[in-house]
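Undergrad:
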Amino acid sequence: MSGLQLYNTYTRQTEAFRPIHDNIVGLYICGPTVYGPPHLGHVRGPVVFDVLRRYLEFQGFKVRHVRNITDVGHLVGDGDEGEDKLSKQARLEQLEPMEIAQTYTVAYNEMSRRMNVLPPNIEPRASGHIIEQIEMIEAIVNAGLAYKANGSVYFDVLAYAKSHDYGKLSGRILDDLIAGAGNEARELEGQDEKRNPNDFALWKKAAPEHIMQWSSPWGKGYPGWHIECSAMSRKYLGDVFDIHGGGMDLLFPHHESEIAQSTACTGHNPARFWVHHNMITINGQKMAKSLNNGIQVEELFSGNHALLEQAYSPMTLRFFILQAHYRGTLDFSNEALQAAEKGLQRLWNAAETAKKLPVSENSEYNITDIHEACLKSMNDDLNTPQVIAQLFEAARVSNSAADGKIKLDQVNIHALNELFDTWMVSILGIQPEKEGNDSALDGVMQMLLQMRAQAKADKNYALSDEIRNKLTALGFVIKDGKEGSSWSI
RNA sequence: GGUCGGAUGGCCGAGAGGCUAGGCACGGGUCUGCAAAACCCUCUACACCGGUUCGAAUCCGGUUCCGACCUCCA
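Each residue of the first sequence is one higher than the one before, counting from 0 in numbering that gives the first Met the number 0.
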């Protein structure tokens, strides 16, 4: 009944979404590796899939949303032999690896909260599912699709490819993988243990000094990166679930490998739909350490970064992200952010205006049309930019009705308010941002504004301007509206 | 080098064989003691060269540029 059409990376087609179970949707999203503070790139996925989840729930589905925390298992790969990212960062900061993971997990969740991303129903950690991962690796070994080598276990890609299509998801051809790209010798540690360079680690032997290690049938070690998602998605959503999401950069090798692992173990591609969002660029360039253009989320919120002309609020960022389609690249710039900020403000003003519109006998506009258009856009592979365009149409109607240029009856005024509530707040997840001005300050400000209003009424403009000028000098912005003055900092 | 994707008005960004995307900026106007804000209206674009078609920004071929992935990455 959903009507939702979703682009499935696996089939490279837009398909009608139907859940496996009647009204329940299993949704697994690849979460962050928690070894550093969240940056802009970390924000898009949570927001995009939050909107998907909200829309599914709006349609009456019960969603089980699982998003993992990767706190173990990533090889550093640039010369730091066998050391994983968390251990490396721990060494640098002189902390326990779990301390690092905890710090940045908290930071990531705080970012999500400020972005108004609903918390996942389950947030499993890789380090808490070592047993499940070992069991899965054993199953793959027993299936003859993995082999042991010097205390490590590798997935045998060539053996798997005899009966399965390794490379289908990411559009890769195994022969090309074997032949091409190999002009540069891989520096990946343990390469000489592999039967084939494309084999990937399921379990890695740990050196004695390695901090993060667990006992296994193959000795002390730690799991490879890809196996955690296979194990955790299976545990909480079953062998086959509805949607697996993540960034396009995870297509290969991560998701390709997940499919291979799960298939080797259960015989099934674990997800019906593979959904991928595109990446974020800054001023037309990708974010990279070498380009020195990485922006942390905190820096964006505070404006404290060389590339930023000002601070941008979480809702501005969220709105900005949703103004582009999730499968296109999204380019950051001050101009674009400022445009989003102003546009969002306009929407808010109109939504407030809609709450106190004059009621007419008849109606010159049918608000239901806008609602229908929103549904249609959303069903078309989550076309949030079009939904937002519809909201701006609603804003125009709201403002025009307030000016008496368009007549709306009670039914349509109600529908208009509901439209903003449903689409802007519930589905797109855009919430009003109250900076939490403390009431004492507001009390003082109201007093000043009243005194100024009195001065204006007395035509004592010298005094009213003096009050405004002095407040301006202190950083306050005073706006005179039709219904009195307002202030902000 | 291989694979895939993209080039839309000053900026961001949808769409897609004929019909307004939308936002921001610019311009005009309304409101206003002034200012700011707010609101209304306006601006009419699709990289280049061929082709198909009554008609192409949208389809086909070629060219140029850009990006992502191929190694950890959201």
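The beta carbon of each residue, even a glycine, is placed where N, CA and C say it ideally should be. Keep in mind it's a predicted model, so treat the numbers as computed, not measured.
Exposed or buried, which one is Ala89 when buried takes at least 16 other CB atoms within 10 Å?
TA: buried
Undergrad: Output the boundary residues of the alpha helix (DSSP H) element that contains Val71.
TA: Unbroken run through Val71: none, as it is neither H nor E.
Undergrad: Express the C-alpha separation of Leu3 and Ala372 in angstroms, rounding to a whole number.
TA: 13 Å
Undergrad: Can you tell which of Glu360, Tyr159, Phe300 and Ile281 has the C-alpha that lies nearest to the C-alpha of Asp330?
TA: Considering only Glu360, Tyr159, Phe300 and Ile281, the residue with the shortest C-alpha distance to Asp330 is Ile281.
Undergrad: Specify, as a first and last residue, the run of the beta strand (DSSP E) that Val152 falls within.
TA: Ser151 to Phe154
Undergrad: Starting from the Cα of Lys354, find the closest Cα among Ala338, Phe272 and Ala393 and give me that residue.
TA: Ala393
Undergrad: How would you label Thr367, buried or exposed, when you count the other beta carbons within 10 angstroms and need 16 or more for buried?
TA: exposed
Undergrad: With DSSP collapsed to three states, give me the class of Ala263.
TA: helix
Undergrad: Can the beta-carbon of Arg271 be found closer than 8 Å to that of Met114?
TA: no
Undergrad: Rank Ser399, Glu465, Trp486 and Gly246 by C-alpha distance to the C-alpha of Leu440 and give the top, closest one.
TA: Trp486
Undergrad: For Lys285, which residues of its own chain have a beta-carbon under 8 Å away from its beta-carbon, when the five flanking residues on both sides are left out?
TA: Met278, listed in sequence order.
Undergrad: For Gln12, does the three-state DSSP call read helix, strand or coil?
TA: strand
Undergrad: With distances taken between CB atoms, is the gap from Val152 to Ala142 smaller than 8 Å?
TA: no
Undergrad: Under 8 Å, with one C-beta from each stretch per pair, do the stretch 250–260 and the stretch 50–61 reach the 3-pair mark?
TA: no
Undergrad: Return the chain-ordered list of same chain residues with a C-beta closer than 6 Å to the C-beta of Thr328, the five sequence neighbours on each side being excluded.
TA: Asn277, Met278 and Thr280
Undergrad: My output table needs one value for Ser229: the three-state DSSP class, helix, strand or coil.
TA: If DSSP states are grouped into helix, strand and coil, Ser229 belongs with the helices.
Undergrad: Indicate the three-state DSSP secondary structure (helix, strand or coil) for His41 in the structure shown.
TA: helix
Undergrad: Just confirm the distance between the C-beta atoms of Lys404 and Ser359, as a whole number of angstroms; I'd bet it's less than 8 Å.
TA: In this structure Lys404 is not in contact with Ser359, their Cβ atoms being roughly 12 Å apart against a cut-off of 8 Å.
Undergrad: Going by DSSP, what residues sit across from Lys203 in a beta bridge?
TA: Tyr221
Undergrad: Would you mind sorting Val33 into buried or exposed? The rule is 16 or more other CB atoms within 10 Å of its CB.
TA: buried
Undergrad: On the CB-based measure, 16 or more other CB atoms within 10 Å of its CB, does Pro431 come out buried or exposed?
TA: exposed
Undergrad: Once you ignore the five residues that flank Arg66 on each side, which residues in its own chain have a CB closer than 7 Å to its CB?
TA: Ile28, Gly30, Pro119 and Glu122
Undergrad: Going by DSSP, what residue range makes up the alpha helix (DSSP H) through Tyr34?
TA: Looking at the DSSP string, Tyr34 is not in any alpha helix (DSSP H), and its letter there is neither H nor E.
Undergrad: Secondary structure at Phe60, three-state DSSP: helix, strand or coil?
TA: coil
Undergrad: Hey, could you find the ends of the alpha helix (DSSP H) Ala335 is sitting in?
TA: Asn333 to Ala353
Undergrad: On the three-state DSSP scale, how would you describe Thr102?
TA: helix
Undergrad: I need the straight-line Cα distance from Ile429 to Gln389, nearest angstrom please.
TA: 15 Å
Undergrad: What are the partner residues of Ile279, as DSSP defines its beta bridges?
TA: Leu329
Undergrad: For the stretch 392–469, list the alpha helix (DSSP H) runs that are entirely contained and at least 4 residues long, ordered along the chain.
TA: 409–418 and 438–456
Undergrad: Apart from the five residues on each side of it in sequence, which residues of its chain come closer than 7 Å, Cβ to Cβ, to Trp422?
TA: These residues qualify, in order along the chain: Cys373, Val386 and Leu390.
Undergrad: Using a Cβ-Cβ cut-off of 7 Å (strictly less than) and excluding sequence neighbours within five positions of Leu249, which residues of its own chain qualify?
TA: Cys29
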